[in-house]
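J.: A single structure is presented below for examination.
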Amino acid sequence: MTSPLIAVALLAVPPFLINRSMDRTTMALVSGDNDRIVRPFRAETLAVRSDRTAFWTKTQTRCDDFCMRALLTRNARRIMVMSYPAEMPEPDFSSIARTFHMERRASCPPVELADVRLLDLEKSPTARNAPKASERMRLEIAKGNCLIESEAPLAEADTVVSAGQIKRGVNDYQAGLNPTADTIAVYRISVHNKDGATFSEVYRWTGVASYRLLPLLLPSYVTGYQFDIRIGFPRTLDLTHIVQFADRPDWSAFVTGTLGMELTLPAVDDSNDAAAVLAAKLSQPGPIDAVTNSLANDFFDRLRGRQTASQPDVDLAIAALNDRRLGVPDSVFAAAKYAKDVAPESMARLADALFARLFEIDIKVSKFGNIEAPQAGRLAIAIQSLPDQVIPEHRADLERLAKDTPRRVAAFQALTRLSVFGADAIPTMLYLIDDAALQPLDKGNFWQHSYLAGVQGLCRLGERGAPAIEPLLERIRAGIIPLHASYGDLAINTLAGMGADKDTLLQAFPAKDRNSNRARFDRVFDKARRKIDCGY
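Oh and the sequence shown: position 111 is 160 in the working numbering, straight run, nothing missing.
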């Protein structure tokens, strides 16, 4: 019995000593934490030093979500920002920081706002339906309340907040079989207030994450990223002053909780105000700036979020689409999909504008065969959302689109509207399927999008598509119609919806598909008889 006890003791001593040393280090790190912030917190010029990762483009204005909210809510008159690539250094008050403030001007300098490093404000009672900071800032800029960027020494700040990681440790996978590996990671938030010509620390929070050894130093398997696995000493994660799964450090909790800053923008309905500003901008001659272009995007995004587009909304949407100085917004479909109590002639003008823009877009094909025309796809989804009543006037446009191969690949969703013309459009939809078969499978989406344009259009016909049953069965027998996975489900839904006989359809399937996928065939067919699913 003595030998096993000695062995256990020898295996237990190293973890005990190493873990105790980590405990002492942790206690020393957090011992200097303090909170002497005067509340309510106020700062005319607030500087933020951070290592929080943000992938800014060269053209983006580096005023993040907190920066914009602090200025818009007047929690600070000026925001200074600095970043550092690695461990957080002590503040160098002589260093130069980027500054932002708002100022009334006749014309504003160009900015490109981005929703970067978003604050988690969901727990705020006023957060529901609150606008995005970038959207509200663009509206203010359009009104002449400009966002001004400059540079200044950090010493000009009233308060300097530093947040980041001051020490990086390895994890249990990286530590492997090294029991003395440094697994302690340290995170810190500190606040320095100006007192005359000097700064003093009035707040410090320290969070520590460490991987402690198990009571016995026995090797086992430890896992890393995804499927990485290796032999190592198992460890448990120990957190001090850190909430499991929260950000490290938790910036949102600090600014809203510790500092008590109310950064949720008022949830007032400023859509009419924003629409009026956008309409005024569009009425002016000359180039359109980035802010106005973004205002148009925000307008359509609001329609999507609200899921209602009134008569004035649709009128403004038409004006925006007819203004070639603007790009095609991501949410352009919202004006068509959510139109409510809108005059038929307005919906007709909206359709005219959508089709006109679609045929003006320069469709580019890369050397690999990929279509690079995202705006065409947005317009196609908008056309797909139009009411049936406005489509007949654009029969020629849809036929033209079907024959324009690169454009139809980019805007294939629009061609499903051929279903409005019933059986009369079957030849065009069969043409799309046949022409897709002539496209190389390795050339971008030329085959898939052409095929889906035809078969989804036929699927939408339902029983009106009965004349297409035999032509489709012939194409199944010829191998033109794919029957694997979702393609097979779509083909079954299309033919079942048209009224095809179950046994006849099954016999058209190749023997290998009939035998191996019979249960799936029955399930999809029977479901399609109750409700057709034309999705892919």
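Glycine included, every Cβ here is placed at the ideal spot set by N, Cα and C.
Please read all numbers here as calculations on a predicted model, not as lab measurements.
Roughly how many angstroms separate the alpha carbons of residue 198 and residue 110, rounded to a whole number?
T.: 8 Å
J.: Residue ranges of each alpha helix (DSSP H) run of no fewer than 4 residues wholly in the segment 251-331, ordered along the chain?
T.: 320-331
J.: Check the C-beta distance from residue 586 over to residue 212 and give it rounded, since I have them as a contact under 8 Å.
T.: The chain is shown from 50 up to 585; residue 586 falls before or after that span and cannot be answered.
J.: Pick out the complete beta strand (DSSP E) segments inside the segment 484-529, 3 residues or longer, and give them in chain order.
T.: none
J.: Please go through the same chain and pick out, in chain order, the residues whose beta-carbon is closer than 8 Å to the beta-carbon of residue 164, but skip the five residues on each side of it.
T.: Counting only Cβ-Cβ distances below 8 Å, and skipping sequence neighbours, we find 114, 181, 182, 183.
J.: Report all residues from its chain with a CB closer than 7 Å to the CB of residue 480; omit the five preceding and five following residues, and keep chain order.
T.: 451
J.: May I have the straight-line CA-CA distance separating residue 402 from residue 357, to the nearest angstrom?
T.: Each residue's alpha carbon lies about 20 Å from the other.
J.: Taking the alpha-carbon positions, what's the residue 53 to residue 267 distance?
T.: 14 Å
J.: For residue 39, does the three-state DSSP call read helix, strand or coil?
T.: Any property of residue 39 remains undetermined from this structure, which presents the chain solely from 50 to 585.
J.: Quick one: grab the DSSP three-state call for residue 143.
T.: Coil at residue 143, not helix or strand.
J.: Sorted by chain position, which residues of the same chain lie with C-beta nearer than 6 Å to residue 124's C-beta, five sequence neighbours on each side aside?
T.: 310
J.: Closer than 8 Å by C-beta to residue 339: which residues in its own chain qualify, once you throw out the five before and the five after it? Chain order, please.
T.: Here the set comprises 159, 160, 161.
J.: Does the Cβ-Cβ distance between residue 28 and residue 217 come in under 8 Å?
T.: Residue 28 falls outside the range modelled here, since the chain spans only 50 to 585, and no answer is possible.
J.: Taking C-alpha atoms, which residue in 264, 466, 574 lies nearest to residue 58?
T.: For residue 58, the nearest C-alpha among the options comes from 264.
J.: When the Cα atoms are used, what is the spatial distance from residue 64 to residue 289?
T.: 19 Å
J.: Indicate the three-state DSSP secondary structure (helix, strand or coil) for residue 573 in the structure shown.
T.: helix
J.: Considering residue 99, what are the terminal residues of the beta strand (DSSP E) in which it resides?
T.: Per DSSP, residue 99 is one residue of the beta strand (DSSP E) stretching across 94-99.
J.: Between the Cα of residue 535 and the Cα atoms of 298, 520, 501, which residue gives the shortest distance?
T.: Out of 298, 520, 501, the CA that lies nearest to the CA of residue 535 is found in 501.
J.: Quick one: what's residue 201 bridged to in DSSP?
T.: 146
J.: With a Cβ-Cβ cutoff of 8 Å, do residue 187 and residue 380 count as a contact?
T.: no
J.: Suppose contacts are defined by Cβ-Cβ distances below 8 Å. Is residue 540 in contact with residue 530 by that definition?
T.: yes
J.: Which one of 141, 112, 142, 458 has the shortest CA to CA distance from residue 128?
T.: 112
J.: Locate the beta strand (DSSP E) running through residue 212, then write down its first and last residues.
T.: 208-216
J.: How would you call residue 330, buried or exposed, if buried means at least 16 neighbouring beta carbons within 10 angstroms?
T.: buried
J.: Can you name the residues that DSSP bridges to residue 388?
T.: In the DSSP assignment, residue 388 is bridged to 358.
J.: Using only the alpha-carbon positions, how far apart do residue 270 and residue 219 sit?
T.: 17 Å
J.: Measure the alpha-carbon distance for residue 406 versus residue 257 and round it to whole angstroms.
T.: 56 Å
J.: Could one say the Cβ of residue 221 lies closer than 8 Å to chain D's Cβ atoms, at least one of them?
T.: The displayed structure is made up of one protein chain only, and chain D is not part of it.
J.: Under the rule that 16 or more other beta-carbon atoms within 10 Å means buried, what is residue 484, buried or exposed?
T.: Burial call: buried.
J.: In whole angstroms, what is the alpha-carbon distance linking residue 467 and residue 461?
T.: 11 Å
J.: Do residue 363 and residue 399 have their beta-carbon atoms positioned less than 8 Å apart in this structure?
T.: yes
J.: On the premise that residue 301 lies in contact with residue 121, defined as a C-beta separation below 8 Å, what is that separation, rounded to the nearest angstrom?
T.: Rounded to whole angstroms, the Cβ separation of residue 121 and residue 301 is 17 Å, and the two are not in contact under 8 Å.
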